[in-house]
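*Asks:* Mind having a look at this structure? Questions to follow.
Number of protein chains: 4
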Amino acid sequence: MSKKQSILTAATELFARQGFNGTATSEIARKAGVAQGTVFHHFKCKENLLISICDELVTKYVEGIKEAAQGSGTGWDALERVLWFSLNFMAERTESITVAFRETRVLQHEGGELHDHFSALMSQIIDVKRDCIERGQADGSIRQVDPYKTAFLLYILIKGIHHTRAHGLLQVPDLNTEVVEFWRQSLATGNPHQ
Amino acid sequence: MSKKQSILTAATELFARQGFNGTATSEIARKAGVAQGTVFHHFKCKENLLISICDELVTKYVEGIKEAAQGSGTGWDALERVLWFSLNFMAERTESITVAFRETRVLQHEGGELHDHFSALMSQIIDVKRDCIERGQADGSIRQVDPYKTAFLLYILIKGIHHTRAHGLLQVPDLNTEVVEFWRQSLATGNPHQ
Amino acid sequence: MSKKQSILTAATELFARQGFNGTATSEIARKAGVAQGTVFHHFKCKENLLISICDELVTKYVEGIKEAAQGSGTGWDALERVLWFSLNFMAERTESITVAFRETRVLQHEGGELHDHFSALMSQIIDVKRDCIERGQADGSIRQVDPYKTAFLLYILIKGIHHTRAHGLLQVPDLNTEVVEFWRQSLATGNPHQ
Amino acid sequence: MSKKQSILTAATELFARQGFNGTATSEIARKAGVAQGTVFHHFKCKENLLISICDELVTKYVEGIKEAAQGSGTGWDALERVLWFSLNFMAERTESITVAFRETRVLQHEGGELHDHFSALMSQIIDVKRDCIERGQADGSIRQVDPYKTAFLLYILIKGIHHTRAHGLLQVPDLNTEVVEFWRQSLATGNPHQ
DNA sequence: GATGAATGAGTTTTCATTCAT
DNA sequence: TATGAATGAAAACTCATTCAT
């Protein structure tokens, strides 16, 4: 693993546990096994670490759900694959997700350039889900709900699970199956054309 | 408004916008219109500000949903009141909620005393909802779902809405009605014993 | 001497010897006998130290030459008093002058607000001298030279002496008498009206 | 232009604008279009850049005034050529001069070896001028002033012009003609032997 | 000759906290 | 109760310099 990568790994773990402002760059350097100067040699400023982490995460997630959505089958099948991909992704990438969701205010200042970049990426998350719903409504596998708002609720529920786990004050049971079943009950007709 | 209260108000707003670690006590003092020493005179240390904010918030919320749950009608009626109370509370207290949800790690160290205090309060949030569900299942107004996991999902969806709004990267539509309808569809039988 | 003043004194001496960028604020604090935080408590940033030093110096100098110029006698008499005041002031305030003349670039950025402030003060230095010359030309005590350019040359020669001394590579002899005689020779008619 | 030369050029410009301590070697490298290592490959340390700049400058200037002084004519004629050469040199080499005059303290430590080197060169500047004056006094073209102190004043006035321009807070008019006329008036007899 | 990744000492600045008034 | 000067530990960041390639 290159020094640059080990810095990113260390930063992700520390930001997740202690927050961006609660983590010193010296601590990141120590954990990554490099000199403090090396952190700044590669990332120029502390904030860039955060941006790198968020960027990699959101990009990978959008790629993943796009791929999940594209497969064969009904709209509901696609949506179910997106759901499962999201639940698994969330389990694997807890730390980055914690960071990306907690430290948004850092990504929002400065005339909105970064904000626009991430907003655009995030919008695609809603879009992919809405497309699945519309496709499902076209092929009869999904009920006539508002595609946009429902896509939001799908996103929100998954996000909510992450936050409740990350919050740490409640012991959250495994809810994956319930979530999928729950959405199947609410959305799936069980009855696509042909 | 007493100086103590204006300090709390200022702190809440600043913590919400900039995070606990991203906010200086001097900034709080300035915004509250008091001297920096006054902040420490009333709160002894910065962390106590955070604890005050969280404590007041969670206590009020638990009181609110308990009251909402106690009213007359079926279990589903009670649950619906709890839902609406939660959605409204969330709209009114966005800042405190943002603070309380983001800065948990600060509340978790110190041998767990604080952690236990808040864990106990949070558990009641799940309990109240579970009670409604069980009451609804007893009176036939709510389907035979897992009361505990469903209570969690109720909590999670509401929490998810808050976080998605607070995240700021997506323009979140008003989803109150959809949320209630969605749960009605998933949970309510429409057919209590009465 | 207040802590604030002792910080300024220490800073002046160190800036003069080592330059602004060559002097650490920690060094200033140590020399002034205060904690490093105290420097920033009083001056907010290192640059403000420099500005304070320059401001006090230029203000005092302008006051001094204005007062010297106002006295009785011919224009040449006034000019001679200004000259002597300048030469003495230069001897007494070598350190501040060194600082103020060497570190100008620090005073010039940022939309020119500071630049304008100091430019205005500096212009008065030329103005006072020019006024003396014009007064001397009116009363016949000073020859018909270009008042503006000559005022500049007066300023420049004094400034040059300071710099040559401060430069340190040449052992500069005492030139006060020569300078005054030199200007008398070049400017004074020895022959005012009445 | 060789890489070494382009480094020197970049350094001169940056030192003049930002000072020696205010300029990073990385900035010099970037401006010169070379890698940072290359700077150290050619100059071993940052200070050597400064020494090169000063050395080249002072050497050229001493050569120039010596040549100007050697020509034919009276002592005053020689002095006038030296004056004009100095004024022109100053206009052409503003940046290096700014650097050499501002950063002397850097050239002064180290047991005095460098200090002695530059002191010797600087003394020659006074010597050349004094020689002209003495030659002029011998041939009757220059009045009976103190040759040494007057040489200093000549040097000082020229230096003063440079500093006043470089200071940047005053808009300095063109004074070349005035300076020469002014010295002619003070020094020249207009009346050499033969 | 030329490079640029890596370093760690040093810099400016921030900030929670204390305390005398 | 309220203040704000004073502190010093810790933070982000800079930078001259080295060195393997």
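Chains as they are written, first to last, in the numbering used here: chain S, 257 to 450; chain B, 257 to 450; chain G, 257 to 450; chain U, 257 to 450.
Glycine included, C-beta positions come from ideal geometry on N, C-alpha and C.
Residue 379 (chain B) versus chain S: which residues are under 8 Å apart at the beta carbon?
*Replies:* In chain order: 426.
*Asks:* Verify whether the separation of the beta carbon atoms of residue 413 (chain B) and residue 306 (chain S) is less than 8 Å.
*Replies:* Not a contact, by the Cβ cut-off of 8 Å.
*Asks:* Would you say residue 429 (chain G) reaches chain U, if we count a Cβ-Cβ gap shorter than 8 Å as a contact?
*Replies:* For residue 429 (chain G), the answer is yes, since a Cβ of chain U falls inside 8 Å of its Cβ.
*Asks:* Counting along the chain, where does the alpha helix (DSSP H) carrying residue 325 (chain B) start and finish?
*Replies:* Segment 302 to 326, the alpha helix (DSSP H) holding residue 325 (chain B).
*Asks:* Would residue 368 (chain G) pass as an interface residue toward chain U - the criterion being a Cβ-Cβ separation below 8 Å?
*Replies:* Answer no: the Cβ-Cβ gap between residue 368 (chain G) and chain U never drops below 8 Å.
*Asks:* Can you grab the Cα-Cα spacing for the pair residue 342 (chain B) / residue 317 (chain B), in whole Å?
*Replies:* Distance between the alpha carbons of residue 342 (chain B) and residue 317 (chain B) is about 8 Å.
*Asks:* Could you tell me which chain G residues have their CB closer than 7 Å to the CB of residue 344 (chain U), listed as they occur along the chain?
*Replies:* Neighbours of residue 344 (chain U) on chain G: none; closest Cβ ~18 Å, over 7 Å.
*Asks:* Can you list, in chain order, the residues of its chain whose CB lies under 7 Å from that of residue 276 (chain G), leaving out five sequence neighbours each side?
*Replies:* Closer than 7 Å at Cβ, skipping near neighbours: 306, 359 and 362.
*Asks:* Let me confirm a value: residue 430 (chain U) is counted as buried when at least 16 other C-beta atoms fall within 10 Å, else exposed. Which label applies?
*Replies:* So residue 430 (chain U) ends up on the exposed side.
*Asks:* Leaving out five residues before and five after residue 384 (chain U) in sequence, what residues of the same chain have Cβ atoms less than 7 Å from its Cβ?
*Replies:* The residues are 321, 322, 325 and 338.
*Asks:* If the criterion is Cβ atoms closer than 8 Å, does the pair residue 351 (chain G) and residue 268 (chain G) meet it?
*Replies:* Yes, these two residues count as a Cβ contact at 8 Å.
*Asks:* Give a yes or no on whether the C-beta atoms belonging to residue 332 (chain S) and residue 282 (chain S) are separated by under 8 Å.
*Replies:* Cβ distance not < 8 Å, so residue 332 (chain S) and residue 282 (chain S) don't count as in contact.
*Asks:* Which one or two residues does DSSP pair with residue 412 (chain G) in a beta bridge?
*Replies:* None; residue 412 (chain G) has no bridge partner.
*Asks:* Can you check the segment 420 to 445 of chain B for any alpha helix (DSSP H) of at least 4 residues that lies completely inside it and give the ranges in chain order?
*Replies:* DSSP runs (the alpha helix (DSSP H)) wholly in the segment 420 to 445 of chain B: 432 to 443.
*Asks:* Going by C-alpha distance, which of B:329, B:448, B:379 and B:406 is nearest residue 427 (chain S)?
*Replies:* Of the candidates B:329, B:448, B:379 and B:406, the one whose C-alpha sits nearest the C-alpha of residue 427 (chain S) is B:379.
*Asks:* Which term fits residue 315 (chain U), buried or exposed, when burial requires 16 or more other beta carbons within 10 angstroms of its beta carbon?
*Replies:* Exposed, by the Cβ-count rule.
*Asks:* Which residues in chain B sit within 9 Å of residue 411 (chain S), going by Cβ to Cβ distance?
*Replies:* Near residue 411 (chain S) (Cβ distances below 9 Å), the residues of chain B are 416, 420 and 426.
*Asks:* Give the straight-line distance between the Cα atoms of residue 442 (chain G) and residue 334 (chain U), rounded to the nearest whole angstrom.
*Replies:* Answer to the nearest angstrom: the Cα atoms are 21 Å apart.
*Asks:* Quick check: what's the CA-CA separation for residue 303 (chain S) versus residue 293 (chain S)?
*Replies:* Going from the Cα of residue 303 (chain S) to the Cα of residue 293 (chain S) covers about 15 Å.
*Asks:* Indicate whether at least one CB of chain U lies closer than 8 Å to the CB of residue 268 (chain G).
*Replies:* Chain U contact via Cβ: absent.
*Asks:* Using a C-beta to C-beta distance shorter than 7 Å, which residues of chain G count as neighbours of residue 423 (chain U)?
*Replies:* 357 and 360, listed in chain order.
*Asks:* Please list the terminal residues of the continuous alpha helix (DSSP H) segment that includes residue 360 (chain S).
*Replies:* No alpha helix (DSSP H) holds residue 360 (chain S); DSSP gives it neither H nor E.
*Asks:* Would you mind stating whether residue 416 (chain B) and residue 416 (chain S) have Cβ atoms separated by less than 8 Å?
*Replies:* Taking 8 Å as the Cβ cut-off, residue 416 (chain B) and residue 416 (chain S) qualify as a contacting pair.
*Asks:* Among B:369, B:355, B:422 and B:340, which has the Cα closest to the Cα of residue 440 (chain B)?
*Replies:* For residue 440 (chain B), the nearest C-alpha among the options comes from B:340.
*Asks:* Beta carbons nearer than 9 Å to chain G: which residues of the segment 311 to 331 of chain U have them?
*Replies:* Going along the segment 311 to 331 of chain U in chain order, one finds no residue with a Cβ nearer than 9 Å to chain G.
*Asks:* Report the CB separation of residue 310 (chain S) from residue 356 (chain S) in whole angstroms; it is logged as a contact under 8 Å.
*Replies:* With 8 Å as the limit, residue 310 (chain S) and residue 356 (chain S) qualify as a contact, their Cβ atoms being about 5 Å apart.
*Asks:* Find the nearest neighbour of residue 373 (chain S) within the set B:389, B:262 and B:425, judged by alpha-carbon distance.
*Replies:* Closest by alpha carbon: B:425.
*Asks:* Answer yes or no: does any C-beta atom of chain S fall closer than 8 Å to that of residue 275 (chain B)?
*Replies:* So yes, residue 275 (chain B) belongs to the interface.
*Asks:* At least one CB of chain S closer than 8 Å to the CB of residue 408 (chain B): is that the case?
*Replies:* Closer than 8 Å: yes.
*Asks:* Given that a residue counts as buried once 16 or more other Cβ atoms are within 10 Å of its Cβ, and exposed if not, what is residue 433 (chain G)?
*Replies:* Result: exposed.
*Asks:* Among B:259, B:296, B:270 and B:336, whose alpha-carbon lies nearest the alpha-carbon of residue 386 (chain B)?
*Replies:* Per the Cα distances, B:336.
*Asks:* Residues in its own chain within less than 6 Å of residue 422 (chain S) by CB, not counting five upstream and five downstream?
*Replies:* Counting only Cβ-Cβ distances below 6 Å, and skipping sequence neighbours, we find 354.
*Asks:* Tell whether a beta-carbon distance below 8 Å holds between residue 349 (chain S) and residue 313 (chain S).
*Replies:* Cβ atoms of residue 349 (chain S) and residue 313 (chain S): closer than 8 Å.
*Asks:* Quick check on residue 280 (chain U): buried or exposed, where buried means 16 or more other Cβ atoms within 10 Å of its Cβ?
*Replies:* With fewer than 16 other Cβ atoms within 10 Å, it is exposed.
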